[in-house]
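In my numbering, the protein residues as written are 141 to 237. Don't be surprised by glycine CBs; every beta carbon is placed ideally from N, CA and C.
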């Protein structure tokens, strides 16, 4: 992801969206991350889903707070970083070249 490109979508722009749109973006991003994790590690998928879906409102407030601290970073990069911090990395196997 070109995190430093001039035309990259930034968290400060994302935070200007209506709440319903922001919540949907986060919910679908975390849902997809959980789906990918479930194909590799049930434990990891369960952690991701519990962290977010057990209290969506609190999780979103936390995510928005991190986005406010890093306004120049893409929202997906923030979401992935938070998920890895809460539940561990998305590294399941080494892939052959």
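Your pair residue 214 and residue 149 checks out as a contact, with CB atoms roughly 6 Å apart and the cut at 8 Å.
Residue 191 and residue 226 have their C-alpha atoms some 8 Å from each other. The Cβ atoms of residue 200 and residue 162 lie closer than 9 Å to each other.
DSSP, reduced to helix, strand and coil, places residue 194 outside both helices and strands of the structure shown, so it counts as coil. When DSSP states are grouped into helix, strand and coil, residue 232 belongs to the coil group.
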